[in-house]
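Residue numbers (the numbering used here), protein chains in the order written: chain A, 4 to 128; chain B, 2 to 943.
Built from N, CA and C at the ideal position, the CB exists for glycine as well.
Encoded as C-alpha cells, the structure appears first; notes follow it.
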C-alpha cells in the first residue's frame with residue numbers, strides 16, 4: 004500500500020511540475036493545484052499510513068498521528084487561498100496585458116490563425 | 002618619559018569635541034546669506050571651541066591620562082557610543098581642528114562669488130566631524146561609521162564643482178575605491194570583534210596575542226590592510242588620489258594631503274600594537290610602502306600640473322609613512338608618527354600656496370608658470386621653504402623625519418638577505434623627492450618669464466596668506482627646535498601607538514657625521530643631478546603612452562556592469578518559466594543529494610497489504626493526474642480530470658483515518674472548482690496546441706519526472722521507516738489541557754493556536770489582495786465559447802434554484818453542527834466555514850448576484866476583520882487570568898433539560914476562524930462571480 008501511495012505522490016508531483024513549467028497561466032495554476040495535492044499527501048505521510056486508526060480520544064489505542072493532520076488541514080486552506088490568488092493574478096494579467104501567457108508575451112499568440120484569434124477575442128465589454 | 006599610565010576618566014567633555022562640529026555643520030547653511038565674513042566667523046566657532054577643549058585636555062594626555070566617555074547604543078551587536086582621547090587621538094585631533102580652521106580661513110578667499118560658500122563649509126565641517134569621529138572612537142563599529150562618513154563627505158567635496166566632468170568622475174572613483182576599502186575594513190573589524198569577543202578598541206588593543214594567534218589572523222590582516230591602503234592611496238590603489246585633485250584646492254589641502262588620506266596610516270598606527278609583529282605584516286606593509294614611495298616620487302617628477310605633482314608627492318610620502326610602519330623596529334613607528342605631523346604641515350601649506358598661484362595667475366601648468374618670484378615674492382618664499390621641507394633640507398621638519406627613516410632602514414632584516422635594498426631604495430626615493438621639489442621651486446618661481454598666463458600674477462589678499470605663514474613657521478620651528486615644539490606631543494602619540502614604554506631616542510637636529518646624514522647628502526646631490534638632467538628623463542618617460550587612470554577605471558566599471566548584466570540575464574531574464582526551472586532544479590539538488598547517501602529506499606517498517614478499493618482509488622488518481630496533464634490544453638476537460646484527483650485525495654484522507662482532512666479537502670475542492678470555472682469563463686478555453694517546442698516538452702518532462710521520482714522515493718522512504726512522533730504529548734494532554742477529544746482540532750485551536758491565527762491572517766490577506774486585483778479589472782466577456790456556440794440563455798436554471806434554496810437551511814444546520822462538535826468530534830471552524838461559504842456560493846450560482854444582494858448584503862471585509870479580531874481577543878482573554886496567550890479555558894456546565902455541556906474559550910477562537918474562512922472564501926468567489934454580470938464594479942471602485 005505504501006508503494007502505491009508513494010507512486011501516486013510522485014506522479015502528482017511530476018504532473019504538477021510539468022504543468023507549472025508551461026507557458027500559459029491556466030496550466031500553471033492547474034499545476035500548482037496538482038502540486039498542492041501532492042504536498043499535502045506528502046506531509047500527511049509523515050504521520051505514516053494508519054487504517055482504521057483512532058481519531059477521537061478513547062476510541063482505541065491505535066491513534067492516527069494528529070499533528071500532521073492539523074498541519075495539513077491548514078495547508079489545504081492556505082493552498083486554496085494561494086491557488087485563488089494565482090488564478091486571479093492570471094485573470095488580471097489577461098486583462099492588463101491582453102493575453103494569457105506567463106510572461107505576457109504575445110509571439111506564440113500571434114502565430115495562431117486569424118480565425119481562431121478572432122474567435123477568442125470575440126465578445127464585447 | 003618611561004611609561005604610559007592609563008588613568009581612565011569618564012569625561013563628558015570628550016563627547017563635545019566631535020559633537021560641536023556635527024552641530025556646526027548646520028551653521029554655514031543657516032548663515033551664509035549674511036555674507037562671507039559672518040559665515041566664516043560663525044562657522045569657525047564650533048571647531049574653535051572643540052580645539053580649545055582638546056587643548057585643555059592636552060596636559061592630562063601628556064601626563065599619560067586616557068580620557069574616556071561611553072554610552073550604550075545597540076548593545077546586542079556590541080555597538081556603543083564610545084570616545085577616548087590618548088596621545089595618538091590628541092595628535093590627530095590637533096591636526097584636524099588646527100589645519101581645518103586654517104583651511105576655513107583660506108577657503109573664504111579661495112572660493113569665488115559664484116560658489117555656494119554655505120554648502121562648501123557645511124561639507125567641510127561634516128568631514129571634520131567624521132574625521133574626529135575616526136580618531137576618537139573607542140568602538141570599532143562606531144569608528145567604521147565615521148570612516149565611511151569621511152568617504153562620503155570626501156565624495157561631496159571632490160564633486161563640489163559638479164558641473165565639471167572630471168570632478169564628477171574623480172569623486173565617483175574616490176568613493177568607489179575608498180568605499181570598497183571601507184567594506185573590507187568592516188569585515189576586518191567584525192572578524193577582530195569575533196576573535197576578541199569585543200568591539201571595544203581599548204579591550205582589542207589589550208588582546209594582541211589573542212588576535213595574532215587566531216586562525217583568522219591572515220584574513221584579518223589582508224582585509225584590514227585593504228581598508229587602510231585604499232584610504233591612504235597606497236599602490237596599487239593610489240590612482241584615485243590624483244583624480245581627487247579636481248576638488249577645490251582647500252579640499253586637496255585639507256582632505257587629500259593633511260587628514261583624510263592619513264586615516265589609513267592612522268589605522269596602521271592604531272592597530273600597530275595588536276596586528277603588527279608578524280612576518281606577514283612586515284612583509285606586506287614594507288613592500289607596499291616602498292613601492293608607493295618610489296612610484297609616487299617618480300611620477301611626481303613628470304607632472305606638469307602643480308596639484309598633480311603635489312598629489313603624487315603625497316602618495317609618495319604616504320608610502321614613506323607606511324614603509325616606516327612596516328619596519329621591524331619601535332623607532333620606525335615613532336618616526337612614522339613624526340612624519341605624519343611633518344607631512345601634514347608642509348604639504349597643507351604647499352597645496353595652499355599652489356592654490357594661491359592658481360588663483361592669482363589663472364594656471365597650474367608648470368610649463369606656463371615661470372619666474373613668479375618677481376610677481377609674488379612673499380608667497381614664493383613661503384612655498385620654497387615648504388618645498389625645501391618636502392625635499393628634506395636640514396633645519397626644516399621634513400629633514401628630521403626623513404633622517405629617522407634613513408636611520409631605521411639601515412638595520413633591517415624584514416626582507417631577509419634582500420634587506421640591503423631598503424636603504425638603497427629609500428635613498429633613491431629621497432633623491433626623487435629632492436628632484437621634484439627642485440622642479441616645484443625652480444620651474445615655478447625662476448626659470449625665465451611666464452608663458453601665456455591668463456592674467457598677470459600678483460600677491461594674494463593678506464589673509465589668504467596667513468594660513469600658509471602659520472604652517473611654514475611651524476615647519477621652521479619644528480625643524481630647528483624639535484624637542485621643545487613637538488617633543489611631548491610626539492612622546493604621547495608614539496606611546497599610544499606602541500602601547501609600551503618608549504625606547505630612547507633624541508629629536509636633536511645634529512647627530513654628528515653618520516650614515517643617515519651621508520644618505521641625505523647622496524639624496525640631495527643625486528636629486529639635483531636628476532633635476533639638471535631632467536630633459537633626458539622626460540624624453541625617456543615620453544616613450545611610454547600615458548595611462549589615464551580615469552579612463553581605465555571607467556572601462557573597468559563599465560565592463561563590470563556589463564558582466565553583472567549578463568550574469569543577471571542568465572538567471573533573471575524576466576521569464577517565469579526560467580525562474581521556475583531554476584527553482585525546481587535547486588530543490589531537486591537539495592532533495593536528491595541526501596537520497597544518494599541513503600543505502601536503500603525501503604526501511605524497516607513493514608508494508609500494509611494492498612486492498613482492492615485502494616488499488617482502484619490509486620488507479621483513478623493516476624489516471625486523473627495523467628489525463629489532467631495530457632488534456633491540459635482542453636481546459637474544461639482538464640478541470641474535470643483534476644477534480645477527480647481532488648476527490649480521490651479526499652477519500653484517501655478519509656481512508657487513512659483523517660476525517661477532518663477529508664471534510665476540509667472535500668469542501669475546498671468544491672470552492673476550487675467553482676473558482677476555476679469562473680476564471681475559465683474569462684480565459685481562452687483552449688491552449689493552442691503548439692504551445693511549446695518538442696524539445697522543450699521533452700526537457701520539462703525530464704525535469705518533472707526527476708522531481709517526481711525524488712519526491713516519490715522520499716515519500717516511500719519516509720513511509721517505510723518507524724515513526725517517532727511528538728504527538729504522544731498532544732494525545733495525552735488534549736482532554737486534560739485543551740478540553741477536547743478531537744486532538745486535531747485541539748492542536749489547531751489550542752496547542753498550535755498561534756500558528757492557526759497566522760494562517761487565517763494569511764487567508765484574510767490573500768482574500769484582500771484578490772479583492773484589490775479584481776477592482777477595476779476589465780475583461781472581455783465572451784458571448785460564445787470557442788466553437789461559436791452561444792451561452793445558454795437560461796441564466797439561473799429553475800431546478801437548481803429550487804433545490805439549492807431548500808438545501809440552504811440544511812447546509813447551514815450541518816455547518817453549525819460541524820462547528821459545535823468540532824472540539825470533540827471531526828469538524829471545527831475551518832470545515833464549518835467552508836461548508837457555510839459553499840452553501841452561500843451555491844445560492845449565488847443558482848440565483849445570481851443581484852438576487853443575493855437583495856437578500857443578503859454581507860460585508861465580507863468586515864467578516865474577515867471580525868473573525869481575526871475574535872481570534873486575537875480570545876487569545877488575549879487568557880492574559881486576564883494571568884495565563885500565556887491563547888491558553889484555553891474550559892468548564893462543564895449543567896443546564897436543566899439540555900443536560901451537561903462544555904464551554905471552552907477555544908470555541909470563541911474557532912468561531913473567529915469560522916468567520917474568517919467564510920469572509921475570505923466569499924470575498925474571492927462572490928467578487929469574481931460578480932464580474933460575469935452587469936453588476937461588475939466599474940474601474941476605480943474599491
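About 11 Å separates the beta carbon of residue 41 (chain A) from that of residue 8 (chain A), a gap too long to meet the 8 Å contact definition. Straight through space, the alpha carbons of residue 557 (chain B) and residue 563 (chain B) are spaced by roughly 10 Å. Using a CB distance cut-off of 7 Å, residue 581 (chain B) counts as an interface residue toward chain A.
Residue nearest to residue 915 (chain B) within the set B:523, B:486, B:830 and B:892 is B:830 (criterion: CA-CA distance). No Cβ of chain A is located within less than 7 Å of the beta carbon of residue 663 (chain B). For residue 655 (chain B), the closest of B:628, B:614, B:277 and B:262 by C-alpha to C-alpha distance is B:614. Excluding sequence positions up to five before and after residue 802 (chain B), its CB lies within less than 6 Å of the CB of 847 and 848, all in the same chain and listed in chain order.
Chain A has a Cβ within less than 7 Å of the Cβ of residue 701 (chain B). Going by C-alpha positions, residue 162 (chain B) is about 36 Å away from residue 479 (chain B). Between the stretch 140–149 of chain B and the stretch 25–45 of chain B, the count of C-beta pairs closer than 8 Å stays below three; the two stretches do not touch.
Contact between residue 302 (chain B) and residue 52 (chain B) is ruled out by a C-beta separation of about 37 Å, above the 8 Å threshold.
Membership of residue 207 (chain B) in any beta strand (DSSP E) is not indicated, and neither H nor E is assigned to it by DSSP. Interface annotation for the stretch 836–860 of chain B against chain A: empty, criterion Cβ-Cβ distance under 8 Å. Annotated as distal: residue 634 (chain B) and residue 691 (chain B), with beta-carbon spacing of 7 Å or more. Here the stretch 714–725 of chain B makes no contact with the stretch 871–888 of chain B; the two share fewer than three CB pairs at distances below 8 Å. Taking a C-beta cut-off of 7 Å against chain B, the contacting residues of the stretch 61–80 of chain A are 61, 66, 67, 68, 69, 70, 72, 73, 75, 76, 77, 79 and 80, listed in chain order. DSSP places residue 659 (chain B) outside any alpha helix (DSSP H), giving it a letter other than H or E. Bounds of the beta strand (DSSP E) holding residue 85 (chain B) are 80–86. Between residue 97 (chain B) and the set B:249, B:261 and B:864, the nearest pair of CA atoms involves B:261. Between the stretch 495–508 of chain B and the stretch 269–277 of chain B there are three or more inter-stretch CB-CB distances shorter than 8 Å, so the stretches are counted as touching. Under a criterion of Cβ atoms nearer than 7 Å, the residues of chain A adjacent to residue 770 (chain B) are, in order, 88. Taking a C-beta distance under 7 Å as the contact criterion, residue 424 (chain B) and residue 410 (chain B) qualify as a contact pair.
The alpha-carbon separation between residue 487 (chain B) and residue 102 (chain B) amounts to approximately 20 Å. Counting only residues of its own chain and dropping the five nearest sequence neighbours on each side, residue 645 (chain B) has a CB closer than 6 Å to the CB of 625.
For residue 67 (chain B), the uninterrupted beta strand (DSSP E) run begins and ends at 66–75, by DSSP. In this structure, residue 296 (chain B) lies away from residue 324 (chain B), with their beta-carbon atoms at least 7 Å apart. Around the beta-carbon of residue 911 (chain B), 16 or more other beta-carbon atoms lie within 10 Å, marking it buried. Contact between residue 872 (chain B) and residue 758 (chain B) is confirmed by a C-beta separation of about 5 Å, below the 8 Å threshold. Chain B has a Cβ within less than 7 Å of the Cβ of residue 98 (chain A). At a cut-off of 7 Å between beta carbons, residue 608 (chain B) contacts chain A. Under a criterion of Cβ atoms nearer than 9 Å, the residues of chain B adjacent to residue 44 (chain A) are, in order, 650, 653, 654 and 716. Counting the other CB atoms within 10 Å of its CB gives residue 551 (chain B) a total of 16 or more, which places it among the buried residues.
Per the coordinates, the alpha-carbon of residue 113 (chain B) lies some 46 Å from the alpha-carbon of residue 517 (chain B).
Put simply, the stretch 148–158 of chain B touches the stretch 172–187 of chain B. At least three CB pairs are less than 8 Å apart.
DSSP, reduced to helix, strand and coil, places residue 727 (chain B) outside both helices and strands of the structure shown, so it counts as coil.
Boundaries of the alpha helix (DSSP H) around residue 770 (chain B): 754–775.
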